[in-house]
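Please read the structure below before turning to the comments.
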Amino acid sequence: MVNIYDRSYEIFKPLVSRMNNLFVPLDEKLRIAKIKTSHEKYGAFILLISTIVSVVCFIFMSIFGSLLLSVHLINFIIYLLVSLFIGISVAVFTYFYPNFKISERKSKIENALPFVTIYLSTIVRSGLQPKNMFKMLGRFKQYKTISQEARKINSDIEGLGMDLPTALNHAILRSPSANWTELLAGLRNSLTVGGDTSAYLEEKA
Numbered sequence: 012m013v014n015i016y017d018r019s020y021e022i023f024k025p026l027v028s029r030m031n032n033l034f035v036p037l038d039e040k041l042r043i044a045k046i047k048t049s050h051e052k053y054g055a056f057i058l059l060i061s062t063i064v065s066v067v068c069f070i071f072m073s074i075f076g077s078l079l080l081s082v083h084l085i086n087f088i089i090y091l092l093v094s095l096f097i098g099i100s101v102a103v104f105t106y107f108y109p110n111f112k113i114s115e116r117k118s119k120i121e122n123a124l125p126f127v128t129i130y131l132s133t134i135v136r137s138g139l140q141p142k143n144m145f146k147m148l149g150r151f152k153q154y155k156t157i158s159q160e161a162r163k164i165n166s167d168i169e170g171l172g173m174d175l176p177t178a179l180n181h182a183i184l185r186s187p188s189a190n191w192t193e194l195l196a197g198l199r200n201s202l203t204v205g206g207d208t209s210a211y212l213e214e215k216a
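With this note's numbering applied, the sequence shown has no gaps in its numbers, which climb one by one up to 216 at the end.
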């Protein structure tokens, strides 16, 4: 099934190729924002949605402008300029939309982090192996965003066969929060050098 990103790319592929440098910075942001498409296809989506909005606005204003005002070329030029402005505004908003998603995820993670750190500390003190603590955290539905992060870490371990430090490295790369990154990096370092994971988590808590 072709989604909207694929369809957009089919239409605007040549233009996206010429504008690729503009969309390359979106690649990392899309990954962190969990928008599952490439920067090329998202760039094509931006072009599609802005084009549609511009055309619809122009048609709408032309019809109602003709009914309410006299028909003059200058009016249609104004309608065109206003439509282009609205289309460009939509394109700018869509371009920066991943930033809004990242900010939202960051806020949710950091609001939950004090409670999650205490929870992880409790799990480790209970004697559970460190690699299993993210499986337990993934079931913690009260904090949905951070539970999703934990389930992804557990999926990398159980599904892809990664060891815990490697899975934590991957989680750090997609982290929207500096505090979450710091916690994961500390866990990774503690595991790598054979430190006291329980003591580290207690200190962070």
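All residues carry an ideal CB built from backbone N, CA and C; glycine is no exception.
Of the choices the options, whose alpha-carbon is the least far from that of residue i?
i: A55; options: I46, P25, K45; result: P25
i: K10; options: T203, Y90, E115; result: Here the chain has residues from 12 to 216 only, and residue 10 is not among them.
i: I168; options: Q140, M72, V103, S28; result: Q140
i: F23; options: P109, L198, L58, I46; result: L58
i: N110; options: S188, S209, A182; result: S188
i: A102; options: L33, T48, M147, G138; result: L33
i: R199; options: E213, S209, L175; result: L175
i: T208; options: H181, I129, M173, I183; result: I129
i: S262; options: S73, P125, V35, I60; result: The shown model of the chain, from 12 to 216, leaves out residue 262, and the question about it has no answer.
Roughly how many angstroms lie between the CA atoms of residue i and residue j, to the nearest whole one?
i: F177; j: Y16; result: This sequence places Thr at residue 177; Phe is not what is there. Computed Cα separation, rounded: 31 Å.
i: R136; j: A44; result: 33 Å
i: N86; j: T105; result: 29 Å
i: I63; j: A216; result: 50 Å
i: H83; j: L95; result: 19 Å
i: S201; j: R29; result: 46 Å
i: Y211; j: M144; result: 14 Å
i: G205; j: N14; result: 46 Å
i: E214; j: V93; result: 57 Å
i: Y108; j: M173; result: 32 Å
Throw me the rounded Cβ distance for the residue i and residue j pair, which I believe falls under 8 Å.
i: R42; j: R185; result: 6 Å
i: L37; j: Y20; result: Not a contact, Cβ separation roughly 14 Å.
i: L179; j: L195; result: 5 Å
i: V27; j: E51; result: 5 Å
i: K40; j: I88; result: Not quite, the Cβ-Cβ distance comes to about 37 Å (not below 8 Å), so this is no contact.
i: W191; j: I134; result: About 17 Å; that fails the 8 Å criterion.
Less than 6 Å between C-beta atoms, sequence neighbours within five positions excluded: which residues of the same chain meet that for residue i?
i: A123; result: Y154, I157
i: M12; result: With a pLDDT of 48 at M12, under the threshold of 50, the modelled position of that residue is not reliable, and the figure given next carries that caveat. The answer is none, since no qualifying residue turns up.
i: F151; result: S158
i: K47; result: none
i: L131; result: M144, L212
i: R116; result: T156, P187
Apart from the five residues just before and just after residue i, which ones in its own chain have a Cβ nearer than 7 Å to its Cβ?
i: G149; result: S158, A161, R162, N165
i: G76; result: N86, Y90
Note down, in chain order, each residue of its chain lying with its Cβ closer than 8 Å to the Cβ of residue i, except the 5 sequence neighbours on either side.
i: I97; result: V64, S65, C68
i: L78; result: none
i: G197; result: Y211, K215
Quick check: is any heavy atom of the ligand FAD less than 7 Å from the C-beta of residue i?
i: S201; result: Inclusion of the ligand FAD in the displayed structure is not the case, the ligand content being empty and no account of it being possible.
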